[in-house]
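Following our numbering, the numbering of the sequence shown begins with 9 at its first residue and continues without gaps.
Below is one structure, written out as C-alpha cells; the observations come after it.
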Amino acid sequence: MTDQPVRTERRGDALLVTIDNPPVNVVSQAVRAGLLAAAAEARAGLVSGAIRRVVLTGAGRAFVAGADAREFDLPPMEPHLPDVLLQLMDLPVVAAINGVALGGGLEIALACRARVAHPSAQLGLPEVTLGVVPGAGGTQRLPRLVGLAAAVSLISEGRLVRAAEALSLGIVDGVEDDVVAAALALDPALLARPAVDASPAPAADADAVSRARAQAASRMRGQIAPQRAIDLVEAAAAVPLADGLARERQTFLDLRKGEQAAALRHVFFAERGAGAPKDLAALTPAALKTALVVGGGTMGAAIAYALSGIGLHVTVLENDEAAVGRARTNVAALFADAVKRGKTDADSAQRKQAEGFAFLHGPDTPLPPVDLAIEAVFEDLAVKRAVFARLGAGLPATTLIATNTSYLDVDAIAETLPEPSRFLGLHFFAPAHVMKLLEVIRARRTSSHTLASAFGLARKLGKIAVEAGVCDGFIGNRILTRYRQTTDILLLEGATPAAVDTALEQFGMAMGPYAVQDLSGLDIAYANRKRKNLKDKPGIRYIAIADRMVEDLKRLGRKSGAGWYDYEGTARRPSADVVALVERTSADAGVTRRVFEAEEIARRAMLAMMAEGFDILAEGIARKPSDIDLVMVHGYGFPRWRGGPMHLADRWGLAAVRDDLARLAKEDPLSWRVPALLDELVKSGAKLASLN
Ligand code: NAI
Numbered sequence: 009m010t011d012q013p014v015r016t017e018r019r020g021d022a023l024l025v026t027i028d029n030p031p032v033n034v035v036s037q038a039v040r041a042g043l044l045a046a047a048a049e050a051r052a053g054l055v056s057g058a059i060r061r062v063v064l065t066g067a068g069r070a071f072v073a074g075a076d077a078r079e080f081d082l083p084p085m086e087p088h089l090p091d092v093l094l095q096l097m098d099l100p101v102v103a104a105i106n107g108v109a110l111g112g113g114l115e116i117a118l119a120c121r122a123r124v125a126h127p128s129a130q131l132g133l134p135e136v137t138l139g140v141v142p143g144a145g146g147t148q149r150l151p152r153l154v155g156l157a158a159a160v161s162l163i164s165e166g167r168l169v170r171a172a173e174a175l176s177l178g179i180v181d182g183v184e185d186d187v188v189a190a191a192l193a194l195d196p197a198l199l200a201r202p203a204v205d206a207s208p209a210p211a212a213d214a215d216a217v218s219r220a221r222a223q224a225a226s227r228m229r230g231q232i233a234p235q236r237a238i239d240l241v242e243a244a245a246a247v248p249l250a251d252g253l254a255r256e257r258q259t260f261l262d263l264r265k266g267e268q269a270a271a272l273r274h275v276f277f278a279e280r281g282a283g284a285p286k287d288l289a290a291l292t293p294a295a296l297k298t299a300l301v302v303g304g305g306t307m308g309a310a311i312a313y314a315l316s317g318i319g320l321h322v323t324v325l326e327n328d329e330a331a332v333g334r335a336r337t338n339v340a341a342l343f344a345d346a347v348k349r350g351k352t353d354a355d356s357a358q359r360k361q362a363e364g365f366a367f368l369h370g371p372d373t374p375l376p377p378v379d380l381a382i383e384a385v386f387e388d389l390a391v392k393r394a395v396f397a398r399l400g401a402g403l404p405a406t407t408l409i410a411t412n413t414s415y416l417d418v419d420a421i422a423e424t425l426p427e428p429s430r431f432l433g434l435h436f437f438a439p440a441h442v443m444k445l446l447e448v449i450r451a452r453r454t455s456s457h458t459l460a461s462a463f464g465l466a467r468k469l470g471k472i473a474v475e476a477g478v479c480d481g482f483i484g485n486r487i488l489t490r491y492r493q494t495t496d497i498l499l500l501e502g503a504t505p506a507a508v509d510t511a512l513e514q515f516g517m518a519m520g521p522y523a524v525q526d527l528s529g530l531d532i533a534y535a536n537r538k539r540k541n542l543k544d545k546p547g548i549r550y551i552a553i554a555d556r557m558v559e560d561l562k563r564l565g566r567k568s569g570a571g572w573y574d575y576e577g578t579a580r581r582p583s584a585d586v587v588a589l590v591e592r593t594s595a596d597a598g599v600t601r602r603v604f605e606a607e608e609i610a611r612r613a614m615l616a617m618m619a620e621g622f623d624i625l626a627e628g629i630a631r632k633p634s635d636i637d638l639v640m641v642h643g644y645g646f647p648r649w650r651g652g653p654m655h656l657a658d659r660w661g662l663a664a665v666r667d668d669l670a671r672l673a674k675e676d677p678l679s680w681r682v683p684a685l686l687d688e689l690v691k692s693g694a695k696l697a698s699l700n
C-alpha cells in the first residue's frame, strides 16, 4: 500500500511497525513521515504502559533496500532521515531484519536498540558506490557498534555482508528464521542496554584507516566518496557524536550534488534500464537446457564454462583431437581457478566436468540436437561460414544459433542458415565468464523471440545485455577503433604512447590504450586493419605507426616481450625505440610535433568516443545513449564515476562538444566531423539524456 507505507499494530505488549513500500521498502519521504508518526505512537504507548517494546520490520522480501532513487535528483525533503532516527534512538526498538538492509535501511537498524536478521538478509552501507557517503549516521554509529577497523572497511568499500558475517561482526544480535517472532521474544536485557548513541566512541585505529585509504586509492581510483567516508569514520573516534553526525550530513549533501554522484547514479539507472527492451519483455524466452559451443579456445572455453554454471549441458565442438585436448585443458583451468577462489569444491568441479560436458571433433561427426549453439572459432569469415553451413545442416531448425564474432558482418556469416530468424550475435567479452557485458547483436532477420531469448539467457548468466545493430565492431569495438585512431593521431602530432596512457589513466580509464594493446597483442588489430584494407580506404587519415610497430620493429606486445613499452615482468617502461619510430613517422608525414598536455589528450580521446557514439545512435545501432555508456563502462574500462562518454557529453554541454568538434574538423577534416544528431540536439536545446 503506497499511500500508507508504514503501518502499526499491537502484538501483545509490543508495537509492531511494518514498513510496506513495495517492491523493496525504500525510504521515501512518506516512509520517513510514517516512521516519525510510529515513533510518536510508540512513545505514547510506552508512557501509558500499554506497550513495552517496539518491533520494526519490512513487508515482503526486503527490510529496507535504501534511499528512494526517485528522490536522488531532488532537493532533500523533510522529514530527513537523521532527524527521524533521533526520535527512534531512545525507544526500545528491535529491528527485525527480514531481508536486505542497505544504506538508509541499515542506518535505521543501527538506530535501534537490538537487531535480529534472517539468514538470507544482506546488510551494508553501499553509498560510496553511488558517489556519496551514508547520510543518516552510518559512519558514526557503525564504528561505535563494531569498532573502527570493521566499519571503515565495510563503509569505504560499500561491501555487503550476509547475516552470519553480520552476527560475527556484531552488527546484529541474532540470526533467526522468524525474525518478527524472535524480536517479540528477545531478551528484555538487550533492550535495556544503552542506545548506540550513548555508547563510548570507538578507539582510534590508524592502521585500519591507512589500509582502507590505500585500498580505496587503488580499487576506487579517482573517486572522492570512499576517501571522504574514511575521513568520517576516522572522525568517529575523535569528535563528539553530534559533531560527527553534522559532518557526515554536510559531506553527504555536498557529494550528492557533485559530478561523480551524478555519473554513478546515471550508470546505476542505466543498469536498471538495461535488459530486454519493453517490446520484448512480454515474450517468453526459449527454455535453454543444452548448448553446443563451437571452438574451445579462449572465448569458447569460458563461454562453455559460464553456460555450465547456469545448469546447461554443454558440448564443445573442435577441429581435431589435439584441439579437443586443448579445449578440455582450457575448461579444466577455469574450474581449477574456481576451486582456488573457493567458489566451488574440487569434487563438485570434477563431477560437473564429467557430467556437464561433452567434447566432439571431426568434420563429419553428427551434432547433438541442442537448444543453443554459440560459435567461437577463429575470426575468419570463410571459417565461420563453413561452421554455419554445418550448423544449419546438422541442428534442428529451432536451435538458437549465435556467433561471438568481434567485428565480422554477422549477416554475411549466416547467409546460408535455414530459419535465419533464430540467429543472432552474442558478443561476449574476455574473460567471458567474468565480464558483465554482453552485446546482443540483432541481425537482419533475427526475430523478436530470438532477441527475447538472448536477453533471458543474459539475465541467467548475470550479464548486462545491450542490444546492438550490425556494423563493423558493433557498439564497443566501433568506439574503440575510433578512440585508437584518435590517440594514434595524437602520437603523430606530438604525444608519446606513455603520455597518452598516463593522461587517460589519470582521467580514470582502467588502462591506457597502448598498455591495453600490449596486453591483447598488436597483431590482432594489425590483421584487422589488413582485412579491412584501411590503408587504401579513401576519406580516412591512416596513421601507420601501429603497422610499423609490427612490420619494422616486430613488437607485438607483452607476449613478444615488447610492444609500445618495454617490459620487466609486468612493469612497463617507455621505449626509446618506439618513441624514435613515432618521431620518424611524424617526420615522414611532414608533421611538426608539438606538446600535448594531459587534459587535451583526454579531452580529444573523449570527443572521439562521443562523436562515434552520436553516429551509432543516429544509425540506430544502439537503442539509447545510456546503452553506449554501459558498454564502455562494463566492457572497456571507462570510469564508472564519469558515467560513460554520452553522459559526459551532456555534462560538458552539447554545445561545447559541438564547438570542439567543429574546431577539430576545421584542422583535420579527414578525421573529424560534427555529427548531425549532435547538431540537431544543440539546435533544439535538448540533452542526450532525453533520448534514454
Ligand atoms: P582462439 O583462437 O582462442 O579459439 C578459437 C578456437 O576455435 C580454437 O580452439 C580452434 O581450434 C577452434 N576452431 C577453429 N576452427 C574451428 C572449426 N571449424 N570447428 C571447430 N573449432 C574450430 O580464439 P578466441 O580468442 O577464443 O576467439 C574466438 C572468437 O571470439 C573470434 O570470433 C573472436 O573475434 C571472438 N572474440 C574474441 C575475444 C577475445 O578477447 N579473445 C572477445 C570477443 C570475441
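Note that CB positions come from ideal geometry on N, CA and C, so glycine has one too.
Boundaries of the alpha helix (DSSP H) harbouring A243: A233 to A244, taken from the DSSP string. Scanning the region 306 to 339 for uninterrupted beta strand (DSSP E) segments of 3 residues or longer gives 321 to 326, listed from N- to C-terminal end.
Under the DSSP assignment, F276 falls in the alpha helix (DSSP H) whose first and last residues are E267 to G281.
DSSP places G132 inside the beta strand (DSSP E), whose first and last residues are Q130 to G132. When the beta-carbon positions are compared, S461 and A294 come within less than 8 Å of each other. Cα atoms of V301 and N33: separation of roughly 42 Å, rounded to the nearest angstrom. The C-beta distance from L686 to R666 rounds to 5 Å, short enough to meet the 8 Å contact threshold.
At least one heavy atom of the ligand NAI falls within 7 Å of the beta-carbon of F436. H369 is bridged by DSSP to E326.
Residue pairing for V302: DSSP places it in a beta bridge opposite L325 and E383. Selection A220, H642, V187 and G53 evaluated against E165 yields A220 as nearest (Cα-Cα).
Look at M307: its beta carbon is less than 7 Å from one of the heavy atoms in the ligand NAI. If you ignore the 5 residues before and after V101, its C-beta comes within less than 6 Å of the C-beta of V62, L64, C120 and R121, all in its own chain and listed in chain order.
When distances are taken from the beta-carbon of T413 to the heavy atoms of the ligand NAI, the shortest one is below 7 Å. In terms of CA proximity to T406, T454 leads the group V385, T454, E279 and F386.
In the three-state reduction of the DSSP assignment, Y491 falls in the helix class, which pools H, G and I. Rounded to the nearest whole angstrom, the C-alpha separation of L662 and A271 is 16 Å. With a threshold of 16 other beta carbon atoms within 10 Å, S207 falls short and is exposed. Within the region 93 to 154, complete alpha helix (DSSP H) segments of at least 4 residues are found at 112 to 118 and 146 to 154, given in chain order. Under DSSP, Y573 takes part in a beta bridge, and its partners are P582. The beta carbons of L93 and A174 sit no closer together than 8 Å. The C-beta distance from P377 to L403 rounds to 7 Å, short enough to meet the 8 Å contact threshold.
Inter-residue distance for L342 and F463 is about 25 Å (C-alpha atoms, whole angstroms). Here DSSP, grouped into helix, strand and coil, assigns V247 to coil.
Non-local beta-carbon contacts of A269 in its own chain, meaning distances under 6 Å to residues more than five positions away in sequence, involve G139, V140 and L263 in chain order. Here the alpha carbon of G111 sits roughly 6 Å from the alpha carbon of E135. Straight-line spacing of the CA atoms in D560 and A420 works out to 34 Å. Among the bridge pairs identified by DSSP, H435 is matched with E447.
In the same chain as D213, and ignoring 5 residues on each side of it, the C-beta atoms closer than 7 Å to its own belong to L156 and A157, in chain order. In the assembly as shown, K286 is an exposed residue. Its beta-carbon has fewer than 16 other beta-carbons within 10 Å. In this model, C479 and E329 are separated by some 35 Å (Cα to Cα). When F71, D417, A579 and A503 are compared, the shortest CA-CA separation from R393 is found for D417. Assigned with DSSP and collapsed to three states, G484 falls in helix.
Taking E79 as reference, the option from D195, Q95 and R273 with the minimal CA-CA separation is R273. For E423, no beta strand (DSSP E) encloses it, and the DSSP letter there is neither H nor E.
Its Cα nearest to that of A129, the residue F71 stands out among F71, L99 and D91.
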